[in-house]
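J.:
Listed below in structure tokens is the structure:
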């Protein structure tokens, strides 16, 4: 496979000091670093960067077979240059993709249809160009919501290959959602939204959007569910789109169980599951979201397979439930990091903005 490449040269007062810091930073983020004399090699998940120093000049070349991986590598390298060597601000990338002014992972999407799936779940069908970029195992995207009453501005690439975001009154509200369905040939995808009274910008947009409305989209990102012989899924309605996509992508011989917490029977949806995957709906029946132990009790009393069988557990829910489930998976079930993924999608008592600021502290 032919590799795409981009390169730049930066001028530094202390080349060795910069390389020491850069390699230390990247090695802490699963980048394999090899240093030999004046050359360094950085092996990312999707490509390789080589760095060659000569006096006060450092030449950087990044290569990857995939445009998306090359873009992410260049972004990571540029951001570290700006952070660690602010004096080297005159660098410019050349090569593949460097003449673009719009981030390659950004699309303008137009609402083409709206569907009320349940009393509190609304689907928006969005159309855009060149959606192949988003047809990936990573199933989450960031929706970029412009402020009302202001002509929208969208992210642009600067000369360093980094993204400049609109600021001030044109600052975009960013929210993460799951691509429920994507049809690259048709140029469209579906995103399902939980619609609730104390709506944040994402839920508010979903509740009021009509055909022809435009929104920004960037991504994809966020880990999916690893394939295993037996799978356990657990989540509330905020995770329902992700769980439904995971289940419908499973092979026909898959086995496992999915626990889905919703308000009541009216919030249940039809999900095409393999015969060996059981879906159990857990109803709050009047209890407020985030106040029950339904998911935790279901996970801890599940009929887990015998020790040694290949399995994977995936959970996404309210913060307190997430903490309890994650602790159980790690301490009681003794699952390794390659056997489970547990995340918090929201926290009771916090809005989307405050939760986004605090969740990384845990």
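Residue numbers (my numbering): 240 to 601.
Built from N, CA and C at the ideal position, the CB exists for glycine as well.
1. Can you tell me where the beta strand (DSSP E) with residue 320 in it begins and where it stops?
2. For residue 417, report the span of its beta strand (DSSP E) as first-last.
3. Classify residue 563: buried if its beta carbon has 16 or more other beta carbons within 10 angstroms, exposed otherwise.
4. Comparing alpha-carbon positions, which option in 384, 360, 341 lies nearest residue 436?
5. Of the residues 365, 548, 503, which one's Cα is nearest the Cα of residue 430?
6. So what's residue 464 in DSSP terms, helix, strand or just coil?
7. Ignore the nearest five residues each way along the sequence and tell me which others in residue 393's own chain have a CB closer than 6 Å to its CB.
8. Given a threshold of 16 other Cβ atoms within 10 Å of its Cβ, counted over all protein chains shown, does residue 490 qualify as buried or as exposed?
9. Taking the alpha-carbon positions, what's the residue 546 to residue 552 distance?
10. So, at 8 Å on beta carbons, what are the nonlocal neighbours of residue 543 in its own chain, with the 5 sequence-adjacent residues on each side left out?
11. Excluding the 5 residues flanking residue 317 on each side, which residues of the same chain have their C-beta closer than 6 Å to its C-beta?
12. Using only the alpha-carbon positions, how far apart do residue 367 and residue 311 sit?
13. Could you check whether the Cβ of residue 522 sits closer than 6 Å to any heavy atom belonging to the ligand GTP?
14. Report the residue from 284, 245, 298 whose alpha carbon sits nearest the alpha carbon of residue 254.
15. Closest by CA to residue 514, which one among 447, 305, 370, 492?
16. What residues are listed by DSSP as bridge partners for residue 271?
17. Assess contact between the segment 403 to 423 and the segment 351 to 358, defined as three or more Cβ pairs (one per stretch) separated by less than 8 Å. Is contact present?
18. Rounding to the nearest angstrom, what Cα-Cα distance links residue 599 and residue 593 in this structure?
19. Taking the alpha-carbon positions, what's the residue 520 to residue 501 distance?
20. Answer with buried or exposed for residue 344, where buried requires no fewer than 16 other C-beta atoms within 10 angstroms of its C-beta.
21. Quick one: measure Cβ to Cβ for residue 557 and residue 576, integer angstroms, because I've assumed they're closer than 8 Å.
22. Following the continuous beta strand (DSSP E) through residue 291, name the residue where it begins and the one where it ends.
23. Taking only the alpha-carbon atoms, compute the straight-line gap between residue 530 and residue 511 and give it to the nearest angstrom.
24. Going by other Cβ atoms of all chains shown within 10 Å of its Cβ, with 16 needed for buried, is residue 451 buried or exposed?
25. Would you decide whether residue 591 is buried or exposed? Buried here means 16 or more other CB atoms lie within 10 Å of its CB.
26. Taking the alpha-carbon positions, what's the residue 275 to residue 266 distance?
27. In angstroms, rounded to a whole number, what distance separates the CA positions of residue 290 and residue 258?
28. Report yes or no: do the segment 369 to 387 and the segment 460 to 480 share at least 3 C-beta pairs separated by less than 8 Å?
29. Using CA coordinates, which residue listed in 468, 466, 497 is at the minimum distance from residue 480?
30. Would residue 585 pass as a contact of residue 477 if the rule is Cβ separation under 7 Å?
31. From residue 674 to residue 351, what does the alpha carbon distance come to, in whole angstroms?
T.: Based on what the coordinates show:
1. Against the chain shown, residue 320 aligns to sequence position 81. Per DSSP, residue 320 belongs to no beta strand (DSSP E); it is in the alpha helix (DSSP H), 306 to 323.
2. Locating residue 417 in the chain shown gives position 178, counting from the first residue. Element bounds for residue 417: 412 to 422.
3. Within the chain shown, numbered from 1, the residue matching residue 563 stands at position 324. Buried, since its Cβ has 16 or more Cβ neighbours within 10 Å.
4. Sequence index remark: in the chain shown, residue 436 carries index 197 (1-based). The candidate whose alpha carbon is nearest that of residue 436 is 360.
5. What you label residue 430 is simply residue 191 of the chain shown in a count that begins at 1. Checked all of 365, 548, 503; the closest Cα to residue 430 is 365.
6. In the chain shown, counting from the first residue as 1, residue 464 sits at position 225. Coil.
7. In the chain shown, counting from the first residue as 1, residue 393 sits at position 154. 455.
8. Here residue 490 refers to the residue found at position 251 of the chain shown. Answer is exposed; the Cβ neighbour count stays below 16.
9. The sequence position of residue 546 within the chain shown is 307, counting from 1. The sequence position of residue 552 within the chain shown is 313, counting from 1. When rounded, the distance between both Cα atoms is 14 Å.
10. Taking the first residue of the chain shown as 1, we reach residue 543 at position 304. So the qualifying residues of the chain are 471, 550, 572.
11. Walking along the chain shown from the start, residue 317 turns up at place 78. Within the same chain, residue 317 has close Cβ partners 399, 400, 401.
12. Counting from 1 along the chain shown, the entry for residue 367 is found at position 128. Counting from 1 along the chain shown, the entry for residue 311 is found at position 72. About 22 Å.
13. With respect to the ligand GTP, the structure offers nothing, as it holds no ligand at all.
14. Against the chain shown, residue 254 aligns to sequence position 15. Comparing Cα positions, the closest option is 298.
15. As a first step, residue 514 is located in the chain shown; it is residue number 275 there, counting from the start. Closest option to residue 514, Cα to Cα, is 492.
16. Taking the first residue of the chain shown as position 1, residue 271 is located at position 32. Partner(s): 282.
17. no
18. Here residue 599 refers to the residue found at position 360 of the chain shown. Here residue 593 refers to the residue found at position 354 of the chain shown. With a pLDDT of only 49 at residue 599, under the threshold of 50, the placement of this residue in the model should not be trusted, and no figure is reported.
19. Taking the first residue of the chain shown as position 1, residue 520 is located at position 281. Taking the first residue of the chain shown as position 1, residue 501 is located at position 262. Each residue's alpha carbon lies about 7 Å from the other.
20. For this step, residue 344 is matched to residue 105 along the chain shown. It counts as buried.
21. Taking the first residue of the chain shown as 1, we reach residue 557 at position 318. Taking the first residue of the chain shown as 1, we reach residue 576 at position 337. Rounded, the Cβ-Cβ distance is 22 Å, inconsistent with contact.
22. Walking along the chain shown from the start, residue 291 turns up at place 52. Residues 287 to 293.
23. To locate residue 530, count along the chain shown from 1; it is residue 291. To locate residue 511, count along the chain shown from 1; it is residue 272. For residue 530 and residue 511, the distance between alpha carbons rounds to 29 Å.
24. Sequence index remark: in the chain shown, residue 451 carries index 212 (1-based). So residue 451 ends up on the exposed side.
25. As a working note, residue 591 is residue 352 in the chain shown. The residue is buried, with at least 16 neighbouring Cβ atoms inside 10 Å.
26. Sequence index remark: in the chain shown, residue 275 carries index 36 (1-based). Sequence index remark: in the chain shown, residue 266 carries index 27 (1-based). The alpha-carbon atoms of residue 275 and residue 266 are separated by roughly 16 Å.
27. Numbered from 1 along the chain shown, position 51 holds the residue referred to as residue 290. Numbered from 1 along the chain shown, position 19 holds the residue referred to as residue 258. Roughly 9 Å separates the two Cα atoms.
28. yes
29. Counting from one through the chain shown, the residue named residue 480 turns up at place 241. The option with the nearest alpha carbon to residue 480 is 497.
30. Taking the chain shown and counting its residues from 1, the one referred to as residue 585 is at position 346. Taking the chain shown and counting its residues from 1, the one referred to as residue 477 is at position 238. Contact flag set, yes.
31. An answer regarding residue 674 cannot be provided, because it is not within the stretch 240 to 601 covered by the chain.
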